[in-house]
Amino acid sequence: MLPKVNQMLYYHIASADEEEAAIEYKSRIADEQEDCLLIENPLSEKTGRFKRLFLGDELSVNFITEAGIKNYFDSHVIGFAEDVIRLIKIRKPDPDRITKVQRRNFLRVPAELEIAVKLSDHVRFVCKTDDVGGGGISFICDGKWALKSEQMLECWLLVPYKNGSIEHASFKAEIVRVVEMESGRHQIMIKFASISDSERQKIIRYCFEKQLEYRNR
Numbered sequence: 628m629l630p631k632v633n634q635m636l637y638y639h640i641a642s643a644d645e646e647e648a649a650i651e652y653k654s655r656i657a658d659e660q661e662d663c664l665l666i667e668n669p670l671s672e673k674t675g676r677f678k679r680l681f682l683g684d685e686l687s688v689n690f691i692t693e694a695g696i697k698n699y700f701d702s703h704v705i706g707f708a709e710d711v712i713r714l715i716k717i718r719k720p721d722p723d724r725i726t727k728v729q730r731r732n733f734l735r736v737p738a739e740l741e742i743a744v745k746l747s748d749h750v751r752f753v754c755k756t757d758d759v760g761g762g763g764i765s766f767i768c769d770g771k772w773a774l775k776s777e778q779m780l781e782c783w784l785l786v787p788y789k790n791g792s793i794e795h796a797s798f799k800a801e802i803v804r805v806v807e808m809e810s811g812r813h814q815i816m817i818k819f820a821s822i823s824d825s826e827r828q829k830i831i832r833y834c835f836e837k838q839l840e841y842r843n844r
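Take 628 as the starting number for the sequence shown in my numbering and just add one per residue.
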């Protein structure tokens, strides 16, 4: 059973920041199209604040049926629509993928992948990730780079697969948190701010391959 127009959705947004990923938001379904649900801006009941969503943001969603049963599905932002208010388009779930079992967390794996970061036309550097996921990435870089929360970055991630092929995933990202390490280096947690479905799928494919590899050890 799919959620209906005017029904309330409750969800978490994938983030490299565990505190942010733990926040639950709610939105009313304002309309629907063949491939998507159009929802209102996310509101946190805990803080009373609205949250801005970006293209490609990964969501772990739940809704309550008329029978009082809580159902879960995964989705992501695929676009926006301007009505009386701005609406967010999220991928409509396949009915077969709706479950009564909650997924514990977003698909995320530890990984040392090469990532190129562009701060401006004149400032670029290359470093390594320490974890990768469908909603964001964490990387370690020298402390000399002037990075701060809410700063926007352009990034290119080198994504190697089990079959030996290599892809490059490009995206724009927002810094969620900067952590200074004892070594003087910085851990930078970023979430995808603008990423196409095809680029995002490259990263998710890598995560699934690594997850299977860990399970088979």
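Cβ atoms here follow ideal geometry from the backbone N, Cα and C, with glycine treated the same way.
Owing to the predicted nature of the structure, the values given are computational and were not obtained by experimental measurement.
Residue i versus residue j: straight-line alpha-carbon distance, rounded
| i | j | result |
| --- | --- | --- |
| Ser823 | Arg676 | 27 angstroms |
| Phe700 | Phe707 | 20 angstroms |
| Ile712 | Ile817 | 28 angstroms |
| Met628 | Trp772 | 49 angstroms |
| Ser642 | Ile802 | 10 angstroms |
| Arg718 | Cys663 | 5 angstroms |
| Val688 | Glu807 | 33 angstroms |
| Ile691 | Asn633 | 12 angstroms |
| His795 | Cys782 | 10 angstroms |
| Ile725 | Arg832 | 21 angstroms |
| Glu777 | Arg827 | 21 angstroms |
| Ile815 | Tyr637 | 28 angstroms |
| Ile656 | Gly811 | 46 angstroms |
| Asp721 | Glu840 | 27 angstroms |
| Phe681 | Asp723 | 26 angstroms |
| Gly770 | Phe819 | 22 angstroms |
| Ala694 | Met635 | 15 angstroms |
| Ser825 | Leu785 | 15 angstroms |
| Ile793 | Val750 | 25 angstroms |
Nearest neighbour of residue i, chosen from the options [CA to CA]
| i | options | result |
| --- | --- | --- |
| Lys753 | Leu780, Pro737, Lys775 and Lys727 | The residue you asked about is not Lys; residue 753 is Val in the sequence shown. Of the candidates Leu780, Pro737, Lys775 and Lys727, the one whose C-alpha sits nearest the C-alpha of Val753 is Leu780. |
| Glu651 | Leu686, Ile691 and Val805 | Leu686 |
| Val759 | Pro787, Ser747 and Glu777 | Pro787 |
| Leu774 | Ser797, Glu809 and His813 | His813 |
| Gln838 | Gly761, Ile705 and His639 | Gly761 |
| Lys745 | Ala648, Cys768 and Glu667 | Cys768 |
| Glu672 | Leu680, Ser654, Phe766 and Gly683 | Ser654 |
| Lys755 | Val736, Ile764 and Glu741 | Glu741 |
| Phe727 | Glu647, Ile696, Pro737 and Leu682 | Sequence check: residue 727 is Lys here, not Phe. For Lys727, the nearest C-alpha among the options comes from Ile696. |
| Asp710 | Arg804, Ile666 and Ile830 | Ile666 |
| Ser821 | Glu661, Gly683 and His639 | Gly683 |
| Ala800 | Ser765, Ile793, Lys789 and Ile705 | Ser765 |
| Pro737 | Leu784, Val805, Glu661 and Asp757 | Asp757 |
| Arg679 | Val704, Lys789, Pro630 and Glu646 | Val704 |
| Lys716 | Asn668, Gly791, Glu836 and Phe835 | Asn668 |
| Glu659 | Lys631, Leu670 and Glu646 | Lys631 |
| Phe798 | Lys789, Asp748, Gly770 and Lys829 | Lys829 |
| Lys789 | Glu646, Cys834 and Glu809 | Cys834 |
| Ile702 | His639, Ser792, Gly791 and Glu661 | Correcting the residue identity first, residue 702 is Ser in this sequence and not Ile. Out of His639, Ser792, Gly791 and Glu661, His639 has the C-alpha closest to the C-alpha of Ser702. |
Endpoints, the beta strand (DSSP E) within which residue i is located
| i | result |
| --- | --- |
| Trp783 | Met779 to Pro787 |
| Arg679 | Note, Arg679: premise wrong, no beta strand (DSSP E); not H, not E. |
| Thr756 | Arg751 to Gly760 |
| Ala820 | His813 to Ser821 |
| Ser797 | Ile793 to Glu807 |
| Lys631 | Neither: Lys631 is in no beta strand (DSSP E) and is coded neither H nor E. |
| Glu741 | Glu741 to Lys745 |
| Pro737 | Arg735 to Pro737 |
| Ile764 | Gly763 to Cys768 |
Beta bridge counterpart(s) of residue i as assigned by DSSP
| i | result |
| --- | --- |
| Leu714 | Ala708 |
| Lys697 | Ile691 |
| Ser702 | Leu686 |
Quiz item: Which residue spans inside the segment 633–695 form an unbroken beta strand (DSSP E) run of at least 3?
Solution: 635–640, 652–659, 663–666 and 685–691
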